[in-house]
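Undergrad:
Numbering (mature numbering (1 follows the signal peptide of the UniProt record, and there is no 0)), first residue to last: -20 to -1, 1 to 633.
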């Protein structure tokens, strides 16, 4: 079984890790947008007398996606192509090539979108033979971790001449109204430096993963044996310490090198690391792999790399010198795979989902450093070896404990697949119920009521170690926490991001916010001045996925909610299609010279955001005093703790 399962696992594991989701924060999010996420080109072909085929091609920046014209109602905003030339007739519907389809658990619909490239063709027939150019514009929504609305004018030349999009002149009235959009901001130097969540958190998680791996029976017994080898086989203590440090360095290097291929994948095809969250089969594969590992930890079978690999590395280690020490480190990595593999699996999936290949390298470096440190430290201080606990049954307990955690993670991947396909198998209540069963069984195991193949015979409760009983109590407490969450007594805030969203449940209840909200900047500022309150500008959109995520998972935090009530909340919807009164509509000239007609409420607030904050992405949050002084650096899509500290800074100032 070993070789077959291992071959299957290695192949599928590599595919699964290569598809991990990226939550990438665009670098221009807090400053002026220097690069357009979509670059358009237009071409035409004459089919017959008076009939043409128009082709729209768009090159999409890495990691971005753009929604189709046929994106279903209730999802993100669909693309809209408008023709302003008279004397033409559209022949049939346009055709779109290369569409992707994925379920959006926030909006609850299957969305259609483009990645990397857009290609749309449309047949047109001339009803006026004098038409020489076909003009119009494209509206679309491009998204990454934030969404921006894009507009592009186009012109097709039917007579072979080079046609340009006409630069519209802006009259004095429009110039006056455009100036009214600009507010006298103070502390403008804060704009352009959005606060980011530290990438080093992945390094810390990797370090903790390595520490857990140290406690497994595949690694722990190796520490005293290896340290003794270096200290006793070396001619001098100095040489032994040097060899142990070199051995530790090579362990760190080997795990860092494992992340290098993902950098090439990211460079060759940035989208390859962005599919696991929507690819149902990769999620199912990951589910199966984690279940296989879990039952291996339970002791039902052993998963190891082919014995020949370890033997070859062990033989190579006898060469001596630096090369020999490197192969000794590689031998450790191979023979300990059955214990470190599942931990690395969780680390790799989590690291890639946090931000791509660089995050993975940081996570692997943390893992390797944690694994290498004991070999170095015990070589420097050999007397410490006497304080190490003896190998024994506690390591089997550690493996079983990890097995239960692997099953918990496995359910997360199955849940991802369920959300994408909308099977309805793992609604929030079912997911939480299964986790409750897992941790209840873990509690029973730790107290000795359940045994696995490699466990010792059951002993009286008082004979179990204090550490095991303490973890059992914590597991029981966590089971109670899950039980209360299952019956709606708490919202499982500690597990945010693991269970399906509250909207994906059998008994979903809409919760109304008590926060007073204005949807007009000027009305909200008038209220803030009258009550001497600070302001939070919320640049958002009706079809903004991450805006909803922030509202559902961050704004609902009790402390965040309490802090927000100290602000006047002004939510400005940049995709609101309600038309402004005729006397409030005007032409606006952008920095690049393009003139846009401000016709809707969304047009107005999107332009307002660009003029004052040099940003076009949502969500985008700004803290202001009543006299328009920036209280803090604007933020975008962040976690609860970061958002909480950001709100506190504003209140304090």
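All residues carry an ideal CB built from backbone N, CA and C; glycine is no exception.
In angstroms, rounded to a whole number, what distance separates the CA positions of residue 605 and residue 165?
TA: Their Cα atoms are separated by approximately 10 Å.
Undergrad: With residue 115 as the anchor, note down where its beta strand (DSSP E) starts and where it stops.
TA: Segment 113 to 123, the beta strand (DSSP E) holding residue 115.
Undergrad: Could you have a look at residue 160 and say whether DSSP puts it in helix, strand or coil?
TA: Three-state result, residue 160: helix.
Undergrad: Is residue 158 a contact residue of the ligand GTP, with contact defined as CB to any heavy atom under 7 Å?
TA: The ligand content of the structure shown is nil, which means the ligand GTP is not present either.
Undergrad: Check whether the Cβ atoms of residue 64 and residue 115 sit closer than 8 Å, and answer yes or no.
TA: For residue 64 and residue 115, yes; Cβs fall inside 8 Å.
Undergrad: Between 583, 155, 508 and 623, which lies nearest to residue 533 when the distance is taken from Cα to Cα?
TA: The shortest C-alpha separation from residue 533 is found at 623.
Undergrad: Would you kindly check if the distance between the Cβ of residue 599 and the Cβ of residue 519 is under 8 Å?
TA: Their beta carbons are under 8 Å apart, which means residue 519 touches residue 599 by this criterion.
Undergrad: Quick check on residue 20: does DSSP put it in helix, strand or coil?
TA: Note: residue 20 maps to strand in three-state DSSP.
Undergrad: Keeping to the same chain, check which residues put their C-beta closer than 8 Å to that of residue 580; ignore five residues upstream and five downstream.
TA: The answer, listed in chain order, is 556, 557, 558, 559 and 560.
Undergrad: Below 8 Å CB to CB, which residues in the same chain sit around residue 540 once its five sequence neighbours on both sides are set aside?
TA: So the list reads 534, 620, 623, 624 and 627, once near-sequence residues are dropped.
Undergrad: On the three-state DSSP scale, how would you describe residue 472?
TA: Coil at residue 472, not helix or strand.
Undergrad: Span of the alpha helix (DSSP H) holding residue 430?
TA: Where residue 430 is concerned, there is no enclosing alpha helix (DSSP H), given that its DSSP letter is neither H nor E.
Undergrad: Suppose only complete runs of 3+ residues qualify. What are the beta strand (DSSP E) ranges in the stretch 375 to 417, listed by chain order?
TA: Runs of the beta strand (DSSP E) inside the stretch 375 to 417: none found.
Undergrad: Where does the unbroken beta strand (DSSP E) through residue 102 begin, and where does it stop?
TA: Note, residue 102: beta strand (DSSP E), 97 to 106.
Undergrad: Grab the span of the alpha helix (DSSP H) containing residue 216 for me, first residue to last.
TA: That residue, residue 216, is in no alpha helix (DSSP H); it is neither H nor E in DSSP.
Undergrad: Am I right that residue 547 and residue 516 are in contact with their C-beta atoms under 8 Å? What's the rounded C-beta distance?
TA: At roughly 4 Å, the Cβ-Cβ gap stays under 8 Å, so residue 547 and residue 516 are in contact.
Undergrad: May I have the straight-line CA-CA distance separating residue 378 from residue 195, to the nearest angstrom?
TA: Taking the straight line from one Cα to the other gives about 7 Å.
Undergrad: Given a cut-off of 8 Å, decide if residue 158 and residue 566 are closer than it, judged by their beta-carbon atoms.
TA: Contact flag set, yes.
Undergrad: So the candidates are 585, 530, 509 and 185; which of them puts its Cα closest to the Cα of residue 607?
TA: When only C-alpha atoms are compared, the closest one is 509.
Undergrad: Keeping to the same chain, check which residues put their C-beta closer than 6 Å to that of residue 38; ignore five residues upstream and five downstream.
TA: Correct list, in chain order: 18, 20 and 98.
Undergrad: Are residue 186 and residue 309 close, meaning C-beta to C-beta below 8 Å?
TA: No.
Undergrad: Would you report the Cα separation of residue 633 and residue 512, rounded to the nearest angstrom?
TA: Each residue's Cα considered, the two are about 14 Å apart.
Undergrad: Rounded to a whole number of angstroms, what is the C-alpha to C-alpha distance between residue 167 and residue 577?
TA: Taking the straight line from one Cα to the other gives about 30 Å.
Undergrad: Does DSSP put residue 41 in a helix, a strand or coil?
TA: Coil.
Undergrad: How would you label residue 629, buried or exposed, when you count the other beta carbons within 10 angstroms and need 16 or more for buried?
TA: It counts as exposed.
Undergrad: Am I right that residue 70 and residue 94 are in contact with their C-beta atoms under 8 Å? What's the rounded C-beta distance?
TA: That belief does not hold up - the Cβ atoms of residue 70 and residue 94 are roughly 21 Å apart, past 8 Å.
Undergrad: For a minimum of 3 consecutive residues, which ranges assigned as the beta strand (DSSP E) are wholly contained in the stretch 500 to 553?
TA: Runs found: 515 to 520 and 548 to 553.
Undergrad: On the DSSP bridge list, what partners appear for residue 32?
TA: According to DSSP, which records beta bridges pairwise, residue 32 is partnered with 26 and 104.
Undergrad: Kindly indicate if chain D contains any beta-carbon less than 8 Å away from that of residue 27.
TA: You won't find chain D in this structure, because it holds only one protein chain.
Undergrad: Could you check if residue 67 is buried or exposed, using at least 16 other CB atoms within 10 Å of its CB as the buried criterion?
TA: The residue is exposed, with fewer than 16 neighbouring Cβ atoms inside 10 Å.
Undergrad: Below 8 Å between beta carbons: does that hold for residue 223 and residue 397?
TA: Going by C-beta atoms, residue 223 is not nearer than 8 Å to residue 397.
Undergrad: Around the Cβ of residue 403, are there at least 16 other Cβ atoms within 10 angstroms (buried) or fewer (exposed)?
TA: Burial call: exposed.
Undergrad: Given this structure, state the Cα-to-Cα distance separating residue 123 from residue 41, to the nearest angstrom.
TA: The straight-line gap from Cα to Cα measures roughly 10 Å.
Undergrad: Assuming the contact rule is C-beta atoms closer than 8 Å, residue 419 and residue 458 should be a hit. Round their C-beta distance to whole Å, please.
TA: 5 Å between Cβ atoms; contact.
Undergrad: State the DSSP-derived secondary structure class of residue 461, mapped to helix, strand or coil.
TA: Three-state DSSP puts residue 461 in a helix.
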